[in-house]
Structures are given as structure tokens and as C-alpha cells.
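Chemist:
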Amino acid sequence: MTLDGIGRVQSPRVIRIGAGVAQETAEVLAQLGLSRPLIVTDKNLVSLGHVQTVTDVLDKANLNWAVFDGVIEDPTDTCLDEGIAAFRKDDFDCIIGLGGGSPMDTAKAISFMSVNEGHVREYKAPYQIDKCGPPVILIPTTGGTGSELTRWCVITDTKETEKYNLSGLACVATAALIDWTFTTTKPWRITADTAVDSLTHAIEAYVSRKSFAYTDAFALAAMPAIANNVRAACADPENGPAREALMLAASQAGMAFSNASVALVHGMSRPIGAHFHVAHGLSNAMLLPEITKFSVSAAEDRYATCARVMGWASDGDSDALAAGKLVENLTQLNADLKVPSPRDLGHKEDTAKFEIMAAQALASGSPQNNPRVPRQDEIVQLYQNIWAG
83 MTLDGIGRVQ SPRVIRIGAG VAQETAEVLA QLGLSRPLIV TDKNLVSLGH VQTVTDVLDK
143 ANLNWAVFDG VIEDPTDTCL DEGIAAFRKD DFDCIIGLGG GSPMDTAKAI SFMSVNEGHV
203 REYKAPYQID KCGPPVILIP TTGGTGSELT RWCVITDTKE TEKYNLSGLA CVATAALIDW
263 TFTTTKPWRI TADTAVDSLT HAIEAYVSRK SFAYTDAFAL AAMPAIANNV RAACADPENG
323 PAREALMLAA SQAGMAFSNA SVALVHGMSR PIGAHFHVAH GLSNAMLLPE ITKFSVSAAE
383 DRYATCARVM GWASDGDSDA LAAGKLVENL TQLNADLKVP SPRDLGHKED TAKFEIMAAQ
443 ALASGSPQNN PRVPRQDEIV QLYQNIWAG
């Protein structure tokens, strides 16, 4: 579906996947000729012992390391500045991003902003950040964002109240170690939200105007893995097969959207995070059924395929019927996963703010990838529909 018929792919040089693969961190560093990492993470992962899992491996290899654990949820430019200062305190030759999307995105941004001048807002998409900083090794612990395999990261601007995309070669990790065993400590809400985040990545990549055969394969593999395992993983945190499936699917969906781009859900999700401080995965979940309903008429065959691969529609169903079943099942999935509405979280409807958010969504470029490209007033109406529940 790419407009020029050309697919463009960017991915890490090293990808290792499987239970316990984090034990190979020192080996991967040696393979890349690296020995002095700064670990970028958050305090929760320190308390859970996940950071020590990695530092123990580094200690056994007699490597020098330090930890910056000041990453916050939805990292800001201020948080980024603190991370850059930590990186510049010593002679580090690489950065390990350990955690969910927030630590991984912060690690990427620390790397490229250590060699690019100015404020990070000067590099927001559609600018392509191709001047790369020190190597970045990413170790995901949530199985949601897929950031370990993407050419994107997201930072929130504290001055402009805007959550923006950053993209380019500088946002592609050098290596990714995808170890699902870290995810067994995730609580219900985070498990559910990160899984729906991955599902949104897969669906949006598949229906994106920039999709192509390579990204389609990853998206179509991720969708059934998420649909068939998210409820089991929520119900039983120690369900290894379900956790493994979700982690792999998150990476597959990450590869899909990294190269085909996301669309309207993500365009509208980022302003919700910036203005109402709703976690990214949760805001995607709030939006996905309604935005799918809005969009299906423009790519009915593609949305129908999504429903069929997830077992929500049969081959004998017409595209229209299958696409309708997709919307119904996404709505039911939200109900099963107890996804709240913005009102449930105490966020009041604010039409004036919705106008600003709609403008920010369009400015991000993501809505232009949607099968049905919305006007600003249509985005405002969609926000109103979401708030109405």
C-alpha cells in the first residue's frame, strides 16, 4: 500500500529473543566492542530486581557500569536532560535501556541528543534524526511498545504540553535482547494496556497507507498472538507461554509499525497523554474501537483480514460483516480487560482542549497514514465520543 511502491526497513544489528537472553548482555557488548554502559531505567525496575539481573551479568564479565534510574512514565524533556547529564559524568561508550517504552525511549534520546545540538523539540517528526550517538542496547520488560525494534521514540515537552514523535536512524537500537521472563512481574493493568498497545501497533501498521508486504507479515503474525493470549496473561501472571507470546508479538508489531508507521489512534493518543497524563497503552485502548469504527469504510478488506486472522470472523463472512465483527470484538476486549473511559479516571470533557489536541494530532503526521484521513473537526468529535463512553 506504499504510495511509491517501495518498502523501507530499519532494524537493530543484533536481535536475540528468548527466556533468559538477558544473561547474554555482556556477550553482546563484547560482540559490539563495548565495555562501559550506562543503564537507563526507572526506580521500580531497580526495586523489582530486574536491574540487578543485568548488573550481575556485567559484574561477572568485569565490566564497569553505572545506573541512571530517574526515568519517569511518559518521559519529559526535563527527564531527558537529567539522563544526558548522567551520561556525560563518565566515559561511557554505550547505553542500555532497560524497561518499558519510557526507559527505552529515554535511552534512545540520551544517545542522539548527546551528539545533536539544541533542544529535543527541534528534532520532532517529520525531521529525520540520522546523526547517531553512542550505541544503544535495549532490553524490554513490558512487552508492549516494541520500542526495542523501532525507529521511533516519544518525549513530552513540559513547556509546550506536547507529546511528540522522534524518528530516524538515531532512534534505531544497535541491539535488542527480548527476554519475556521480565514480564511475569507486570500487574493486570499494565499487562492489559501494553498488550492492547501492541495490538494497536499491528492493526495500524496493517491498514496504514505506508504498509507493504514485509510489514504486513509481522503485523498479521502479531495480531492473533495478542488476541489469543492477553486474557490468559492477565489472569495468570506466571503463564509462561502467554507471556512469551505477548512479548514476541510486541516485537513483531514494533517491527511492523516502525516501518509502516502508525495512524489515527496514535495521533490522537499522544495528546491524551500530554494533556491528561494517561499512560500511552491505556489511551490507545480507549481509542481503538471507536477509531476503528470511524475508519473501516476506507479499508474494509484490510480490517476484515484483521478480524479473520484473530479468529473473530470466518472466511465465509463478507468483508463488511468481518469488519463489523472486528469493532465488536475490540469493544468486548476492552470490556474484558476493564479499560476505563477518560471520565472514569476523572477527566472532564473540555472541547477547547480537544481543539488543541486535534491540531496536535494532525501536526504529528500519524492521522495522514490512516485509511480514512480525518478533518480537525472530526477528530474533535471522536474525542467527544471517547469521553461519552
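Residue numbers (our numbering): 83 to 471. For glycine and all other residues, C-beta sits at the position ideal for the given N, C-alpha and C.
(1) Mind checking Asn144: buried by the 16 CB within 10 Å criterion, or exposed?
(2) Report the start-end ranges of each alpha helix (DSSP H) in the stretch 253 to 306 that is 4 residues or longer and not cut off at the edges.
(3) So Gly349 is in the alpha helix (DSSP H); what residue range does that whole segment cover?
(4) Using the Cα positions of Ala395 and Thr374, report the straight-line distance between them to the nearest angstrom.
(5) Would you give the residue range spanned by the beta strand (DSSP E) that Arg325 belongs to?
(6) What's the C-alpha gap between Pro449 and Leu140?
(7) Measuring only the C-alpha atoms, how far is Ala324 from Trp270?
(8) Let me know if Ile88 comes out buried or exposed under the rule of 16 or more other beta-carbons within 10 Å of its beta-carbon.
(9) Residue range of the alpha helix (DSSP H) that Lys142 falls in?
(10) Out of Ala167, Ala381 and Asn247, state which residue places its alpha-carbon closest to the alpha-carbon of Val197.
(11) If you draw a straight line from the alpha carbon of Ser351 to that of Met368, how long is it in whole angstroms?
(12) Please work out which residues of its chain come closer than 6 Å, Cβ to Cβ, to Ala257, disregarding the five sequence neighbours upstream and downstream, and give them in chain order.
(13) In chain order, what residues of the same chain have a beta carbon less than 7 Å from the beta carbon of Val91, not counting five sequence neighbours either side?
(14) In whole angstroms, what separates the C-alpha of Ala316 from that of Ala274?
(15) Residues in its own chain within less than 7 Å of Ile192 by CB, not counting five upstream and five downstream?
(16) With three or more beta-carbon pairs closer than 8 Å as the criterion, would you say the stretch 307 to 322 touches the stretch 208 to 222?
(17) Measuring CB to CB, does Arg305 end up less than 7 Å from Met392?
(18) Suppose the cutoff is 6 Å on Cβ atoms and the five residues either side in sequence are ignored; what does the same chain contact list for Ser343 look like?
(19) If I follow the unbroken alpha helix (DSSP H) through Glu372, where does it start and stop?
(20) Just the Cα atoms here: how many angstroms apart are Trp469 and Gly200?
(21) Would you list the one or two residues that DSSP bridges to Leu220?
(22) Can you give the beta carbon distance from Val202 to Ile237, rounded, assuming they're within the 8 Å contact cut?
(23) Just to confirm, are Ala287 and Ala338 a CB contact at a threshold of 7 Å?
(24) With three or more beta-carbon pairs closer than 8 Å as the criterion, would you say the stretch 354 to 369 touches the stretch 251 to 266?
(25) Report all residues from its chain with a CB closer than 6 Å to the CB of Gln113; omit the five preceding and five following residues, and keep chain order.
(26) If you measure between the beta carbons of Pro371 and Leu412, is that distance less than 7 Å?
(27) Is Tyr465 helix, strand or coil by DSSP?
(28) Within the continuous alpha helix (DSSP H) that includes Arg384, where are the two ends?
Modeler: Let's see:
(1) exposed
(2) 270 to 289
(3) Leu346 to Phe358
(4) 16 Å
(5) Note, Arg325: premise wrong, no beta strand (DSSP E); alpha helix (DSSP H) at Gly322 to Ala342.
(6) 43 Å
(7) 13 Å
(8) exposed
(9) His132 to Lys142
(10) Ala167
(11) 9 Å
(12) Pro94, Val96, Val110 and Ile219
(13) Tyr296 and Asn341
(14) Here residue 316 is Cys; the residue named in the question, Ala, does not match the sequence. The alpha-carbon atoms of Cys316 and Ala274 are separated by roughly 6 Å.
(15) Val122, Leu162, Gly165, Ile166, Phe169 and Ile177
(16) no
(17) According to the sequence provided, residue 305 is Met. The question's Arg does not apply to it. Yes, the Cβ-Cβ distance between Met305 and Met392 is below 7 Å.
(18) Ser290, Lys292 and Asn451
(19) His362 to Ser377
(20) 37 Å
(21) Gly179 and Ala258
(22) 6 Å
(23) yes
(24) no
(25) none
(26) yes
(27) helix
(28) Glu382 to Val391
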